[in-house]
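Here's the structure we're looking at; comments come further down.
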Amino acid sequence: MAAPLRRLAAIACTVAITTVLVGCSSSSTTKTDDTGNDTAKAATITVYTGMHKELIETLASDFTKKTGIKVDIRAGEDAEMSAQVMTEGTRTKADVYLSEGPGPVARLASEGLFAKLPAADLKGLDPRLVPSTGNWAPYAARARVLLYNPTMIAENALPKSILDLSKPEWKGKFAYATSDGFPGTVSYLIDTIGQDKTLDWLKAIKENGVNEHKNGKIRDTVEAGQHAFGLTNHYYWYILAQTEGGADKLTSKLHYFSQPDAGGLLLASGAGVLEASKHKSEANEFVSWLVSPDGGQKVIAGDDASQFPAAKGVNSEVPGLPELDSLAAPEFNQAGFANLADAIALIEKAGMN
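All residue numbers for the sequence shown refer to the working numbering, where the first residue is 37 and numbers rise by one.
Right under this line is the structure:
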């Protein structure tokens, strides 16, 4: 099994955990923050997360300033951290789990480890991201896109669907990666066209395309003119644009599908409150703040990671990033990502190592 897939499928026995305590010390002396909250008496919630550590630290810091509730962050790879929660079960120290992708948080929900969230927390979010189970909340999203090099292919010449990548005319023209987002795409295809057709498609793109294994490598090789285009997540390109001083400094561009297609799938980052939490009130307050337009969504809108805020009406401040509700993403229940094992097994069966 290839390393990226092994990490996605892993059930970790041990996990390296980074802990950051955000907030005031637990001194018995009463202290207040700039809103007048009594920080010395406030509870500390523990957040397990597979999301980028820098973003979570910013969110935690802002939440503590607002509420006085301190946040103990335990960060690692999404698959490893969710496996840690499952291993700990009712003994877990986690109060909240924040995922980078929908798979881990949907899996925890399917195992009955999350408490039901207040319906009000989900009401103001993009409905395409909200799972039918109602026990975790999307707080950010990334979109699957085609990244292309206009010196090699015009945007109107790109395939109308990623299912077309199985056709002979695309041989040698594109790149893909079996990590980060790809298993979700395969899971969606299994659900919509069935396992047999999905396996045929996987075998065909293995024959026609180049597996660069990492989405960052797709971005860099398309930018360098080594491939005409590649299937990836949108934010990799925006991160490069920020690094290089703006989108106008790049040759490559992004193509968002104008019709619902597997290539334009939306993938949610999710937050759930653990049923075993000893601080459910504070944990719920954190999730409510996280999805609030005036709370965590404002932080995500300004974040350099270039993700889409999940709340309706909150748009990213990153230059050039479209509004989430303008994307013609296919409808798919995010709870359906709970079991990516079938998708990973099919990718392996197709020999895409």
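Ideal placement from N, C-alpha and C gives every residue a C-beta, glycine not left out. Note that the structure is predicted; figures quoted are calculated from it, not measured.
| Query | Result |
| --- | --- |
| Under 7 angstroms between the Cβ atoms of residue 1 and residue 271? | The question about residue 1 has no answer, for the chain in this structure spans 37 to 389. |
| Is it the case that the Cβ atoms of residue 78 and residue 105 are separated by a distance below 7 angstroms? | yes |
| To the nearest angstrom, how far is it from the Cα of residue 201 to the Cα of residue 82? | 44 angstroms |
| Using the DSSP secondary-structure output, state which residues sit across from residue 344 in a beta bridge. | 177 |
| DSSP three-state label for residue 81, please. | strand |
| Output needed for residue 89: all residues of its chain with C-beta closer than 6 angstroms, excluding positions within five of it in sequence on either side, in chain order. | 111 |
| For residue 329, tell me which candidate among 162, 213 and 275 has the shortest Cα-Cα distance. | 162 |
| Please check the pair residue 368 and residue 139, which I expect to be a contact at CB under 8 angstroms, by giving their CB distance rounded to whole angstroms. | Going by Cβ atoms, the distance from residue 368 to residue 139 rounds to 13 angstroms, so no, they are not a contact pair. |
| Can you give me the C-alpha to C-alpha distance between residue 189 and residue 95, rounded to a whole angstrom? | 40 angstroms |
| Which two residues bound the contiguous alpha helix (DSSP H) that contains residue 322? | 316 to 326 |
| Under 7 angstroms between the Cβ atoms of residue 379 and residue 219? | yes |
| Return the Cβ separation of residue 160 and residue 348 in integer angstroms, given the expectation that the two are a contact with Cβ distance under 8 angstroms. | 6 angstroms |
| Just how far apart, CA to CA, sit residue 320 and residue 178? | 24 angstroms |
| For residue 118 and residue 332, I'd like the C-alpha separation in whole angstroms. | 22 angstroms |
| Within 8 angstroms, do at least three Cβ pairs link the stretch 147 to 158 to the stretch 219 to 237? | no |
| Might you give, ordered along the chain, the residues of its own chain that have their beta carbon closer than 6 angstroms to the beta carbon of residue 393, omitting 5 neighbours on each side? | Missing from the structure shown is residue 393; the chain here goes from 37 to 389 and no further. |
| Does the Cβ-Cβ distance between residue 211 and residue 249 come in under 7 angstroms? | no |
| Run the CB neighbour count on residue 127, radius 10 Å, all protein chains shown included, and call it buried at 16 or more, exposed below. | exposed |
| Could you work out which residue in 276, 182, 85 and 171 is closest to residue 355 when comparing CA atoms only? | 276 |
| Would residue 182 and residue 199 be called neighbours here (beta carbons separated by less than 7 angstroms)? | no |
| Roughly how many whole angstroms lie between the Cα atoms of residue 296 and residue 267? | 15 angstroms |
| Can you say whether residue 364 is buried or exposed, counting buried as having 16 or more other CB atoms within 10 angstroms of its CB? | exposed |
| Fully enclosed by the stretch 100 to 175, which alpha helix (DSSP H) runs are 4 residues long or longer? | 114 to 124, 138 to 146 and 155 to 159 |
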